[in-house]
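Chains A and B, in that order, give the protein sequences.
Read the first sequence against this note's numbering and you will find it ends at 506, with the numbers running on by one and no gaps.
Read the second sequence against this note's numbering and you will find it ends at 506, with the numbers running on by one and no gaps.
Below is one structure, written out as structure tokens; comments come after it.
Number of protein chains: 2
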Amino acid sequence: MSKKVQTAISPTRAQDYPEWYQQVIKASDLAERSPVRGCMVIKPWGYSIWENIQREMDDMFKDTGVKNAYFPLFIPLNFMEKEAAHVEGFAKECAVVTHHRLEKGPEGGLVPAGQLAEPLVVRPTSETIIGESFSKWLNSYRDLPILINQWANVVRWEMRTRLFLRTSEFLWQEGHTAHATAEEALERTSQMLEVYSRIAQDYLAMPVIRGSKSEAERFPGAEDTQCIEAMMQDRKALQAGTSHFLGQNFAKASNIRFQTADEKEAIAWTTSWGVSTRLIGGLIMTHSDDDGLIVPPKLAPAHLVLLPILNNEAQRSKVMEYTEKLAAQLREQRYHDRRLRIEIDTRDIGGARGWDWIKKGVPLRVEIGPRDIAKDAVFFARRDKSHREKTSLPREEFCNSICSILDEIQGNLFQRAMDFRQANTQRIDNKAEFYSYFTPQNKEKPEIHGGFALTHWCGEAKCETKIKEDLTVTIRCIPFNSGKENGKCLICGKLSKQRAIFAKAY
Amino acid sequence: MSKKVQTAISPTRAQDYPEWYQQVIKASDLAERSPVRGCMVIKPWGYSIWENIQREMDDMFKDTGVKNAYFPLFIPLNFMEKEAAHVEGFAKECAVVTHHRLEKGPEGGLVPAGQLAEPLVVRPTSETIIGESFSKWLNSYRDLPILINQWANVVRWEMRTRLFLRTSEFLWQEGHTAHATAEEALERTSQMLEVYSRIAQDYLAMPVIRGSKSEAERFPGAEDTQCIEAMMQDRKALQAGTSHFLGQNFAKASNIRFQTADEKEAIAWTTSWGVSTRLIGGLIMTHSDDDGLIVPPKLAPAHLVLLPILNNEAQRSKVMEYTEKLAAQLREQRYHDRRLRIEIDTRDIGGARGWDWIKKGVPLRVEIGPRDIAKDAVFFARRDKSHREKTSLPREEFCNSICSILDEIQGNLFQRAMDFRQANTQRIDNKAEFYSYFTPQNKEKPEIHGGFALTHWCGEAKCETKIKEDLTVTIRCIPFNSGKENGKCLICGKLSKQRAIFAKAY
Chain A
1 MSKKVQTAIS PTRAQDYPEW YQQVIKASDL AERSPVRGCM VIKPWGYSIW
51 ENIQREMDDM FKDTGVKNAY FPLFIPLNFM EKEAAHVEGF AKECAVVTHH
101 RLEKGPEGGL VPAGQLAEPL VVRPTSETII GESFSKWLNS YRDLPILINQ
151 WANVVRWEMR TRLFLRTSEF LWQEGHTAHA TAEEALERTS QMLEVYSRIA
201 QDYLAMPVIR GSKSEAERFP GAEDTQCIEA MMQDRKALQA GTSHFLGQNF
251 AKASNIRFQT ADEKEAIAWT TSWGVSTRLI GGLIMTHSDD DGLIVPPKLA
301 PAHLVLLPIL NNEAQRSKVM EYTEKLAAQL REQRYHDRRL RIEIDTRDIG
351 GARGWDWIKK GVPLRVEIGP RDIAKDAVFF ARRDKSHREK TSLPREEFCN
401 SICSILDEIQ GNLFQRAMDF RQANTQRIDN KAEFYSYFTP QNKEKPEIHG
451 GFALTHWCGE AKCETKIKED LTVTIRCIPF NSGKENGKCL ICGKLSKQRA
501 IFAKAY
Chain B
1 MSKKVQTAIS PTRAQDYPEW YQQVIKASDL AERSPVRGCM VIKPWGYSIW
51 ENIQREMDDM FKDTGVKNAY FPLFIPLNFM EKEAAHVEGF AKECAVVTHH
101 RLEKGPEGGL VPAGQLAEPL VVRPTSETII GESFSKWLNS YRDLPILINQ
151 WANVVRWEMR TRLFLRTSEF LWQEGHTAHA TAEEALERTS QMLEVYSRIA
201 QDYLAMPVIR GSKSEAERFP GAEDTQCIEA MMQDRKALQA GTSHFLGQNF
251 AKASNIRFQT ADEKEAIAWT TSWGVSTRLI GGLIMTHSDD DGLIVPPKLA
301 PAHLVLLPIL NNEAQRSKVM EYTEKLAAQL REQRYHDRRL RIEIDTRDIG
351 GARGWDWIKK GVPLRVEIGP RDIAKDAVFF ARRDKSHREK TSLPREEFCN
401 SICSILDEIQ GNLFQRAMDF RQANTQRIDN KAEFYSYFTP QNKEKPEIHG
451 GFALTHWCGE AKCETKIKED LTVTIRCIPF NSGKENGKCL ICGKLSKQRA
501 IFAKAY
């Protein structure tokens, strides 16, 4: 009989990946389903990760000249009809407000009353309502560029939901800009994708591939959709952020015009770009293990937790005193220009206490007992290593090196994820091989397949559709850095000038 | 003929206060009406003030142990019926979602489809939906207190709206806490009112009176509503923040129960507390003058604006160089632990440039011309003084004293507002005097009246209603610091133990 390894999360990733994901969220107290269909409650531990993402990203936006503003939650129905492609893409599964009052009904309960002359749609995205403002704000070329961002909630009525990855209501930021020229708008599109790439890689420690979507996968109404794509531990792709060059489509629809320097009338060029609480789903699925969540230090709600050992009554006050002193010493430090975030857990619940913090993914756990105090040493465990591996360092040394330890964990998580992606990415030029790569070996685990395929594609929707229909595999993007290389389309054999990333996706 | 003084805002406060308010918002580019009835667009200058309020307040919340979380935008209709008083107070003018899809209708346009089995209400406040979560989170006394805050948008369908003061959608924070005892919940209620008072007085420079509402003016379902009330420049009161002790009303309605230390079942005690973008309306009406907005330095989107004088072509690059150098020197400084926020305006629009910044209320305007550079001196004007009053200081001295200049402005604004309130607050014990105090002297200016009256009231709703019906004057609060004093109720003459603040209100 083989010795069974206990894990804190059941099932494990290998046993049932989708269920493991739900259990990690539950065990780490990130979020939960709400009584409202498809909507989630983001609990403090999960919301804190979002706040940390927001703060870093907001600073980056502002450094590029973007300013925050706020636009209405509701969009008049006729606005949704303004841009033809947009209607097809977004005017479908929306929450529609039809009444503005509640009254006592004949059976005593409340019923909707006060029907609106024109229904209002709860924003699924705000291009049309923000476009209306831009058309009012913009007069002369001197007013350009307009660089706006909004932090908001949006609603898209989803039939099958999953915490963070796909919910009817989610939190996001949506940037909207208007420019005098196509070149400038395109430059902004790329610039913001670069910001997303930095957030993903340098903060979420999640390696991403930057590229452009195929026409079929574009944002409805965009001329180019650029994206960052990450590989999850089940080798599926997650679209983690998108930046759209909207050409003049929305500007025409919303009448965003300006007078040029030579006093002619011109139509502006616009962009929009967004990331959402979906990033937290990506963070979970990139790093977590069978013991629960692992949060990259730069975004961790707590960088470390202090666990004073208080079972010896005589030593209790001495241990607490040392703990408080250590916490105070650490709190004075800054980690990447933010204060070091420390938790102290004094609960008397035995071994469950340490496991709670393992499951919550806090980067460092420090146990403080009389022996450590006697040595003036700090006994700690890193979340990126086995839970049995613990190290002791003299207190001063620990305090002086804590930032570099956290950076090491941050780097380690990134490298691990990068290695995983590289090990599960193949250049494939043969159709049979491609089909076999994406066909689950084990019928009971349909989610297990090859990973990312870098494969030639002619650019025709027909070939893309064939692959999607046969394998539920889509083009994630045509990567920017793949370089030109002539080849033959996997399906039709026609000339292809570069490879696309194919994968199953969330 | 008297010399006519030009003002940047027309009409002036004396001419037409309500219209002046709208014009200040327009001239300072804070916000505007949106095409969606009753909803506003908060423009970057206005949103930045909100962000600054948020940041300060969020830190204060967290210092008291509160954590942020996020709950659904939608509330199932049956939740609204849970708490009897709450139904009466909030289940009225609500946005109601009845459909979850849009389809092409018979005439080609989009029409609502996919009717929901149970309508959803867009949250007017979240006691009921957050209460549902608390009931799940709470098991044992060890889980208490639960201290949660949410930054969110809420919707209350308003018939008559005014930017910032009363809009159908607004932004706010709502805190919700649960406690083991009534005492602890009451303590939290007061503690959060104290935070609001600090934000109002130390940041908005807006003096407030802290007190409890009369029963008639309480939050529907609360046992005690504490509030901060400020006086605007038209001598009307603005309720700027409320903190509610909810007793066990909502805990019973949402089944928020726990096991006590001696293993009995108990019902929790809850609180809720909120402030909103209404604070910005209060800020505008407390400080602004007939030249436009005045923003207290601690919340200003820009602390100062640099206005290089560039009309001398030969000196142009020299002036710009000096300007950039000064900006860099200033940006290194911190003002109350935040970076100093500097704008540089190089637009070639003549005198309109300076006036733009006066109207936007930036605390300090600095003009930089060749003569100032020759002297290495900074020529500046303060927004709290006449726009003609300008001072020159050697550059080093200016840079070293900028924080104290800003603090002086901040203090000055507060003192001015405090003096105004004191000058317009009377202790009134005589009914005729009271009625005359609140009766406009000039029929054409119904908004001009006495101000705040500190008057004895027996505590009966009847007497309160009489005053409200006769004069549209309400009890703003029974102030905490007024002390016990026996007197006679203004209306019925019965014994009164303390004075209440009576005023017309927004």
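Even for Gly, the Cβ is constructed at its ideal location relative to N, Cα and C.
query, result
"Endpoints, the alpha helix (DSSP H) within which L413 (chain B) is located", "R395 to A423"
"Endpoints, alpha helix (DSSP H) assigned at T465 (chain B)", "A461 to L471"
"L495 (chain A) burial status per 10 Å Cβ neighbour count (16 or more: buried)", "exposed"
"C-beta atoms of P296 (chain A) and V96 (chain B) nearer than 8 Å", "no"
"Short CB-CB distance (under 8 Å) between E19 (chain B) and chain A", "no"
"Any beta strand (DSSP E) of 3 or more consecutive residues that is wholly inside the region 20 to 67 of chain A", "31 to 33 and 40 to 42"
"Under 7 Å from the C-beta of P35 (chain A): neighbouring residues of chain B", "P76 and E132"
"Any C-beta of chain A under 8 Å from that of D98 (chain B)", "Reading the sequence as shown, one finds Thr at residue 98 (chain B) and not Asp. Answer yes: the Cβ-Cβ gap between T98 (chain B) and chain A drops below 8 Å somewhere."
"I501 (chain A), enclosing beta strand (DSSP E) - first and last residue", "R499 to A503"
"Residues that I373 (chain A) bridges to, as DSSP identifies them", "BP columns for I373 (chain A) are empty, so no partner."
"C-alpha distance - E121 (chain B) paired with Q173 (chain B), whole-angstrom precision", "Checking the displayed sequence, the identity of residue 121 (chain B) turns out to be Val instead of Glu. If I take the Cα positions, the gap works out to 19 Å."
"First through last residue of the alpha helix (DSSP H) which encompasses G89 (chain A)", "A84 to F90"
"Simplified DSSP assignment, three categories, for H387 (chain A)", "coil"
"Listed by chain order, chain B residues near L73 (chain A) by CB distance under 9 Å", "V36, C39, L73, A95, V122, N153, V155 and E169"
"Residue nearest to L299 (chain B) in terms of C-alpha spacing, selected from B:Y335, B:D289 and B:Q315", "B:Y335"
"Where E229 (chain A) falls, given that 16 or more other Cβ within 10 Å makes a residue buried", "buried"
"Backbone secondary structure at V319 (chain A) - three-state DSSP", "helix"
"M80 (chain B) at chain A interface by Cβ criterion, 8 Å", "yes"
"Residue of A:M80, A:R101 and A:H303 minimising C-alpha distance to A91 (chain A)", "A:M80"
"Extent of the continuous alpha helix (DSSP H) run through Q191 (chain A)", "A182 to R198"
"Closer than 8 Å to chain A by CB, L283 (chain B)", "no"
"Test: M1 (chain B) CB closer than 8 Å to a CB of chain A", "Confidence at M1 (chain B) is low in this model, with a pLDDT of 41, below 50, so its placement is unreliable and the value that follows should be read with caution. M1 (chain B) does not count as touching chain A."
"Cutoff 8 Å: L102 (chain B) Cβ touching any chain A Cβ", "yes"
"A500 (chain B) burial status per 10 Å Cβ neighbour count (16 or more: buried)", "buried"
"Residues, ordered as in the chain, of the region 49 to 69 of chain A that lie near chain B by beta-carbon distance below 7 Å", "E51, K67, N68 and A69"
"Supposed contact pair Y506 (chain A) and L193 (chain A) - C-beta distance, whole angstroms, cut 8 Å", "Not a contact, Cβ separation roughly 19 Å."
"For H179 (chain A), the residue or residues it bridges with in DSSP", "A:W269"
"Residues near V87 (chain A) in its chain [Cβ-Cβ closer than 6 Å; skip 5 each side]", "E81"
"Within chain C, partners of K26 (chain A) - CB distance below 7 Å", "Looking for chain C here will not work: the only protein chains present are A and B."
"Alpha-carbon to alpha-carbon, L171 (chain B) and H179 (chain B)", "27 Å"
"Cα-Cα separation, N153 (chain A) to S254 (chain B)", "25 Å"
"Test: K360 (chain A) CB closer than 8 Å to a CB of chain B", "no"
"Through-space distance from P370 (chain B) to E343 (chain A), alpha-carbon basis", "56 Å"
"Chain A contact for K431 (chain B) (CB, 8 Å cutoff)", "no"
"For P479 (chain B), three-class secondary structure by DSSP", "strand"
"Residues sharing a beta bridge with Y335 (chain A), DSSP", "A:R338"
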